[in-house]
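For what it's worth, my numbering labels the leading residue of the sequence shown as 44, then goes sequentially.
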Amino acid sequence: MAIKLNLDRVMLERRISLTDLAEKVGITLANLSILKTNKARAIRFTTLDALCRELQCQPGELLEFVAQDAREEVQAEQVSSAPEGRS
Numbered sequence: 044m045a046i047k048l049n050l051d052r053v054m055l056e057r058r059i060s061l062t063d064l065a066e067k068v069g070i071t072l073a074n075l076s077i078l079k080t081n082k083a084r085a086i087r088f089t090t091l092d093a094l095c096r097e098l099q100c101q102p103g104e105l106l107e108f109v110a111q112d113a114r115e116e117v118q119a120e121q122v123s124s125a126p127e128g129r130s
């Protein structure tokens, strides 16, 4: 996928936990985790709107276009940083 969600970085900058954000946005912890780990295949505009509202950011701070070579590099990083027995 050519679009990366920088939710983890923005959450860290805003010092908000996954649990707190899930409650404020009104989505499940599991679905927010999928977004945070870039495993989502789509995001609703209503969800993006709620995230931007609660994180006080613009959509461009959350969404980033990643070129093909960079995508492969990000995927390799995710595999190498996965806990043992999971990839």
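In this text, a Cβ means the ideal position worked out from N, Cα and C, and glycines have one as well.
field: Where the alpha helix (DSSP H) containing I77 begins and where it ends
entry: L72 to K79
message: With three or more C-beta pairs closer than 8 Å as the rule, is the region 70 to 77 touching the region 97 to 114?
response: no
query: Got a sec: is the Cβ-Cβ distance from C95 to anything in chain C below 8 Å?
result: Of the chains in the structure shown, none is chain C; there is only one protein chain.
Inter-residue Cα distance where the pair is T62 and E107: 24 Å
field: Extent of the continuous alpha helix (DSSP H) run through K67
entry: L61 to V68
Bridge-paired residues (DSSP) for E104: Answer is none; E104 lacks a bridge partner.
- prompt: Residues in its own chain within less than 6 Å of L98 by CB, not counting five upstream and five downstream?
  reply: V53 and R57
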